[in-house]
Amino acid sequence: MIESVIRTSPLGRWYIELTDTMKEDAEPVYCLDVYEYADKIEEMGKEYGGMVEVIWSSDEGVTPEQINEVRMQMNAYEAEQEAKRENMDSMPDGTPNFES
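Yeah, the sequence shown ends on 663 if you go by my numbering, and it's all consecutive.
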């Protein structure tokens, strides 16, 4: 089980703190964007055969706008990954897929 907490820096920039709750001495891992987050989740999940459960929460100072930004970036990332898997010429929203 991996805990993902959206936090905000003193400068107002969001980041995601990951903690492997199955380890007592687990050091938190910090991600500044959803690409780094996806890489870290995949890396942490290898230890469990890719079978992980993610628990989301947000810190007290995080604004609804920041949560929405994370959510929108996650949705865009997932759509991009889906387009790569299906080798699509365009993304689900009609945007050209320049990597295909």
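Think of the CB as a built atom: it goes at the ideal place given N, C-alpha and C, for glycine as much as any other residue.
Same chain only: Cβ atoms within 8 Å of residue i, ignoring 5 sequence neighbours per side
i: PRO591; result: GLU580, LEU581 and THR582
i: LYS603; result: LEU581, VAL592 and CYS594
Pairwise C-alpha distance: residue j and residue i
i: VAL635; j: MET564; result: The amino acid at residue 635 is misidentified as Val; the sequence shows Met. For MET635 and MET564, the distance between alpha carbons rounds to 23 Å.
i: ILE618; j: ARG576; result: 21 Å
i: GLN644; j: VAL615; result: 19 Å
i: GLY608; j: LEU574; result: 31 Å
Run of the beta strand (DSSP E) containing residue i, from where it starts to where it stops
i: GLU616; result: No beta strand (DSSP E) contains GLU616, which DSSP labels as neither H nor E.
Contact set for residue i: own chain, Cβ-Cβ below 7 Å, skip 5 residues either direction
i: ILE630; result: ILE569 and SER621
Cβ shell of residue i (< 6 Å), same chain only, five flanking positions each side left out
i: THR584; result: MET564 and GLU566
i: LEU595; result: TYR578
N- and C-terminal bounds of the alpha helix (DSSP H) containing residue i
i: VAL597; result: 597-609
i: VAL524; result: The shown model of the chain, from 564 to 663, leaves out residue 524, and the question about it has no answer.
Paired residues, beta bridge with residue i - DSSP
i: ASP583; result: ILE565
i: ARG535; result: In the structure as shown, the chain begins at 564 and stops at 663. Residue 535 is therefore absent and cannot be evaluated.
i: VAL592; result: LEU581
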